[in-house]
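K.L.:
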Amino acid sequence: MTSRRRVLAAFCTWFSYGLFLIQQGVDAWVQGAPWIVWVVKLAPLLLFLPGMLKDNLRSFIWLCFVCLLYFIVLVQRLFLVPGDGLAVVGTVAVVSLFVSAMLYVRWRARELRAAQALSTSGD
Numbered sequence: 004m005t006s007r008r009r010v011l012a013a014f015c016t017w018f019s020y021g022l023f024l025i026q027q028g029v030d031a032w033v034q035g036a037p038w039i040v041w042v043v044k045l046a047p048l049l050l051f052l053p054g055m056l057k058d059n060l061r062s063f064i065w066l067c068f069v070c071l072l073y074f075i076v077l078v079q080r081l082f083l084v085p086g087d088g089l090a091v092v093g094t095v096a097v098v099s100l101f102v103s104a105m106l107y108v109r110w111r112a113r114e115l116r117a118a119q120a121l122s123t124s125g126d
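With the numbering used here, letter number 81 in the sequence shown gets 84, and the count goes up by one each step, no holes.
1. Do you know whose CA, among E114, S6, Y107, lies nearest C67's CA?
2. Count the other C-beta atoms from every protein chain shown that fall within 10 angstroms of the C-beta of A13, then say buried if there are 16 or more, exposed otherwise.
3. Taking C-alpha atoms, which residue in R111, L71, L121, V98 lies nearest to L11?
4. Answer yes if the stretch 23-36 comes into contact with the stretch 80-91, meaning at least three C-beta pairs across the two stretches below 8 Å, and no otherwise.
5. Kindly indicate which three-state DSSP category P53 falls into: helix, strand or coil?
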């Protein structure tokens, strides 16, 4: 059962990560932002991509910390412009990214500890 939950959490993490990257890109495009704003919006998210592809749990954990900063900005924007659809999509994406990544880390770490315990006890 845990493996199934982990796979679902991984899928939700990657889906919300992609959705959030797209939202940030569309937001920068709609605002007509210069290239430096694009870099500031997307580079922190893309920084963790190589580690995530290698299934490095620390990359997922640090991504969650960075997501909190995006969450603060998006919530402030929702209070300033309550009907902003891009801010709503971004908020939903960043919250789902945070929750699913944390669940993935928890369940994957449990799986790795169990596998290590089995290999240690087998020796």
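Positions of the beta carbon are idealized from the N, C-alpha and C atoms, including for glycine.
P.N.:
By the coordinates alone:
1. Y107
2. buried
3. R111
4. yes
5. helix
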